[in-house]
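Structure first, then comments.
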Amino acid sequence: MEAPHRDDPSLSEEERLAPLLGKKLLEDHKDVASEHGHWKKVKEKRGITVHLRHEEGNPIKAGKARGLIPGSPKLLLRILQSLDYYPQIDPLYTGGRVVDKFADGKHEIIYAAYSSGFNLVVSPRDFLYLEAKWLVVVCSQWPLSTELGRRDFEGDTRVIACISIERDDVPHVKGHVRGHIFESGWVIAPCQPTAAEIKAAGLADVESDSWCDCLFLAQVDIKGWIPTWLVNRLSGELGDALHRLRKFIKEKGHTVVFEDDGHHS
1 MEAPHRDDPS LSEEERLAPL LGKKLLEDHK DVASEHGHWK KVKEKRGITV HLRHEEGNPI
61 KAGKARGLIP GSPKLLLRIL QSLDYYPQID PLYTGGRVVD KFADGKHEII YAAYSSGFNL
121 VVSPRDFLYL EAKWLVVVCS QWPLSTELGR RDFEGDTRVI ACISIERDDV PHVKGHVRGH
181 IFESGWVIAP CQPTAAEIKA AGLADVESDS WCDCLFLAQV DIKGWIPTWL VNRLSGELGD
241 ALHRLRKFIK EKGHTVVFED DGHHS
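Put into structure tokens, the structure is as follows:
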């Protein structure tokens with residue numbers, strides 16, 4: 001069933017915060033030096049780097065993964081914002097729905113459920129969150145200098161920001177533990193990588209006219225009895241999300257259908 005639209009929503013405090021999270025994500029995307037902003041580099045594999053950061057007053061660390069992804073911003077946004085593709089890029093996703101849509105076309109309230117991977121001993125998790133999307137038509141050039149070359153970002157950057165909310169009409173589901181998203185989201189910035197960068201990412205065999213420098217950020221408390229140290233350790237595996245996205249695009253990117261024209265990518 002089509003989710004209802006809100007023509008003139010009365011925004012909660014969490015909903016008003018979402019645009020600020022989008023700006024924060026952009027800043028985190030520009031912050032590539034591990035020693036700046038208290039980010040600590042914990043992993044790098046096939047051109048995807050993972051950083052963690054401790055924020056005062058919150059025992060749950062924020063994590064971010066960043067790397068090259070083949071495809072246009074339109075393609076990546078379509079995949080990441082569509083529940084249809086969630087099961088193919090996240091094996092723990094078990095189902096969800098759009099609860100509410102805002103008339104501006106930029107905000108949705110989403111319910112999503114996930115397996116713990118060990119459901120016999122660890123309960124599955126679910127989340128209710130506001131997802132906000134923006135198009136940054138003109139953005140500053142964000143030069144990234146690496147040993148492999150220099151890359152300048154272009155305009156048309158897409159931003160997705162998410163934050164947990166509570167609603168009386170979406171109560172907690174029996175058998176699931178309701179997790180809390182402090183912040184989560186994506187920055188999808190079109191770029192022109194060097195041949196060396198593409199090779200270092202293990203993508204030399206990929207034929208693509210478009211490339212994006214993608215950042216995935218998450219600060220999530222999965223609640224329950226899982227100790228904080230383990231939650232923070234799992235944040236170091238955020239790079240897996242980008243690796244799965246790469247794999248999906250390489251194998252099935254051509255099958256993605258766009259709602260506006262009904263055509264495949």
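According to the UniProt record's numbering, the residues represented by the sequence shown are 1 to 265, in order. The beta-carbon is built from N, C-alpha and C at its ideal position, and this holds for glycine as well. Only a predicted model underlies this, so the values are computations on that prediction, with no experimental measurement involved.
Near the ligand NAP: residue i beta-carbon under 7 Å from a heavy atom
| i | result |
| --- | --- |
| residue 80 | What this structure holds is no ligand at all, so the ligand NAP is not there to describe. |
Reference residue i; option with closest CA among the options
| i | options | result |
| --- | --- | --- |
| residue 62 | 89, 232, 196 | 232 |
| residue 105 | 190, 160, 208, 257 | 160 |
| residue 256 | 52, 43, 72 | 72 |
| residue 203 | 215, 245, 221 | 245 |
| residue 92 | 52, 235, 115, 43 | 115 |
| residue 51 | 236, 252, 253, 240 | 236 |
| residue 170 | 181, 134, 129, 162 | 129 |
| residue 186 | 49, 229, 66, 44 | 66 |
| residue 94 | 117, 103, 168, 81 | 117 |
| residue 276 | 53, 64, 41, 54 | Because the chain in this structure spans residues 1 to 265, residue 276 falls outside the shown range and cannot be described. |
| residue 217 | 209, 258, 239, 84 | 239 |
| residue 45 | 258, 96, 200 | 200 |
| residue 156 | 55, 41, 74, 53 | 74 |
| residue 54 | 252, 229, 251, 258 | 229 |
| residue 253 | 80, 196, 103, 190 | 80 |
| residue 175 | 96, 208, 196, 119 | 119 |
| residue 47 | 195, 208, 258, 167 | 195 |
| residue 167 | 110, 184, 43, 38 | 110 |
| residue 121 | 172, 84, 177, 113 | 177 |
Unbroken alpha helix (DSSP H) run spanning residue i, endpoints
| i | result |
| --- | --- |
| residue 192 | Premise fails: residue 192 is in no alpha helix (DSSP H) and is neither H nor E. |
Spatial neighbours of residue i in its chain, beta-carbon cut-off 7 Å, leaving aside the 5 residues before and after
| i | result |
| --- | --- |
| residue 77 | 158, 188 |
| residue 147 | At residue 147 the pLDDT is 48, less than 50, meaning the model places this residue with poor confidence and gives no usable figure here. |
| residue 35 | Residue placement at residue 35 is poorly supported in this model, since its pLDDT is 46, which falls under 50; the coordinates still yield a value, given next. Counting only Cβ-Cβ distances below 7 Å, and skipping sequence neighbours, we find nothing. |
Residue range of the beta strand (DSSP E) that includes residue i
| i | result |
| --- | --- |
| residue 164 | 157-164 |
| residue 108 | 107-114 |
| residue 167 | Premise fails: residue 167 is in no beta strand (DSSP E) and is neither H nor E. |
| residue 53 | 48-55 |
| residue 40 | 40-45 |
Close Cβ partners of residue i (< 6 Å) along its chain, the five nearest in sequence each way excluded
| i | result |
| --- | --- |
| residue 248 | 88, 89 |
| residue 261 | Confidence is the limiting factor: at residue 261 the pLDDT is only 47, short of 50, which leaves the residue's position unreliable, though a coordinate-based value still follows. Hits under 6 Å: none found. |
| residue 108 | 98, 101, 131 |
| residue 133 | 106, 160 |
| residue 214 | 69, 188 |
| residue 86 | 93 |
Cβ neighbours of residue i in the same chain (closer than 8 Å, five flanking residues each side left out)
| i | result |
| --- | --- |
| residue 198 | 68, 204, 206, 211 |
| residue 278 | Given that the chain is displayed from residue 1 to residue 265, the structure contains no residue 278 and the question cannot be resolved. |
| residue 182 | 58, 60, 62, 163, 164, 219, 220, 221 |
| residue 251 | none |
| residue 208 | 70, 71 |
| residue 173 | 113, 126 |
| residue 40 | 34, 51, 52, 53 |
> Would you call the stretch 119-129 and the stretch 215-224 touching, i.e. three or more CB-CB distances under 8 Å?
Replying inline: yes
> Mind pulling the beta strand (DSSP E) runs of 3 or more residues that sit fully within the stretch 185-246?
Replying inline: 211-221
>> List, from N- to C-terminal side, the beta strand (DSSP E) runs of 3 residues or more that fit wholly inside the stretch 62-137.
In response: 93-102, 107-114, 125-136
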